[in-house]
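For reference, the structure discussed in these notes is given below.
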Amino acid sequence: MEKEKNMSDELQVVVFILDKNYYGVHILQVQEIIKMTEITQLPNTPDFIKGIVNLRGNIVPIMNLRKRFGLTEQKENENAKILILKLEELQFGIIVDEISEVEKVSVSSIEAPPKIVSGVRGEFINGIAKTNDRLLILLNIEKILTLEEKEILKEIEETN
Numbered sequence: 000m001e002k003e004k005n006m007s008d009e010l011q012v013v014v015f016i017l018d019k020n021y022y023g024v025h026i027l028q029v030q031e032i033i034k035m036t037e038i039t040q041l042p043n044t045p046d047f048i049k050g051i052v053n054l055r056g057n058i059v060p061i062m063n064l065r066k067r068f069g070l071t072e073q074k075e076n077e078n079a080k081i082l083i084l085k086l087e088e089l090q091f092g093i094i095v096d097e098i099s100e101v102e103k104v105s106v107s108s109i110e111a112p113p114k115i116v117s118g119v120r121g122e123f124i125n126g127i128a129k130t131n132d133r134l135l136i137l138l139n140i141e142k143i144l145t146l147e148e149k150e151i152l153k154e155i156e157e158t159n
């Protein structure tokens, strides 16, 4: 019984690095991690949509988090990866500088986010966790995309 209680007091997150900051996404939202691959650009899409990739026959839209968050653009490094996320019926990828690890985060270590963290608007963030002598920005995947943007991504998936 004690073990069950402890498990609910912790979140497992995939930790990645973007612009020298550590971010976390709940592991249940991560479908897979793939190496950086060629991304086909699409016209008439929001500027933070880098394009699409063919993932085993499925067309997956790829988001440039740097652009979404208003961070400085940089060329992807050799450690860059694409994190494939699942949000309801929507599958999409985000480009990250590097995958760090899967980490257990104590719920009690999570604090409410300020309005802006490292240039990222607070609405995109679930909270800030203090772990292993660093701050971990926990992303709110549901809020990264507006309803309209989710519809655009669904259309991209369905029409390609």
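In numbering that gives the first Met the number 0, the protein residues as written are 0 to 159. Idealized CB from N, CA, C, for every residue including glycine. Note that the structure is a prediction, hence the values are computed from the model and not measured.
Continuous beta strand (DSSP E) stretch holding residue i: start and end
i	result
residue 97	97-105
residue 138	133-138
residue 38	Taken as a continuous stretch (DSSP letters only), residue 38 belongs to no beta strand (DSSP E), as it is neither H nor E.
residue 49	48-54
Exposure of residue i, with buried meaning 16 or more beta-carbon neighbours within 10 Å
i	result
residue 57	exposed
residue 65	buried
residue 69	exposed
Residue-level contact to chain E via CB, residue i, 8 angstroms cutoff
i	result
residue 105	Absent from the structure is chain E; it holds one protein chain and no more.
Terminal residues of the alpha helix (DSSP H) in which residue i lies
i	result
residue 163	Residue 163 cannot be examined here, being either before or after the span of the chain that is shown, 0 to 159.
residue 146	146-158
6 angstroms Cβ shell around residue i - same chain, five flanking residues per side excluded
i	result
residue 242	Residue 242 falls outside the range modelled here, since the chain spans only 0 to 159, and no answer is possible.
Close Cβ partners of residue i (< 8 angstroms) along its chain, the five nearest in sequence each way excluded
i	result
residue 61	38, 48, 49, 50, 51, 52, 81, 91, 92, 93, 94
residue 108	128, 129, 130
residue 9	103, 104, 105, 106
Proximity winner among the options, relative to residue i (alpha-carbon distances)
i	options	result
residue 88	121, 141, 34	141
residue 45	157, 148, 137	148
residue 133	22, 11, 7, 13	22
residue 86	143, 101, 34	143
residue 83	136, 29, 112	29
residue 75	27, 157, 16	16
residue 111	137, 70, 97, 99	137
residue 71	26, 125, 19, 121	19
Spatial distance of residue i from residue j (CA atoms)
i	j	result
residue 123	residue 42	26 angstroms
residue 34	residue 101	17 angstroms
residue 153	residue 54	16 angstroms
residue 77	residue 24	22 angstroms
Closer than 7 angstroms: residue i CB and nearest the ligand COA heavy atom
i	result
residue 74	Inclusion of the ligand COA in the displayed structure is not the case, the ligand content being empty and no account of it being possible.
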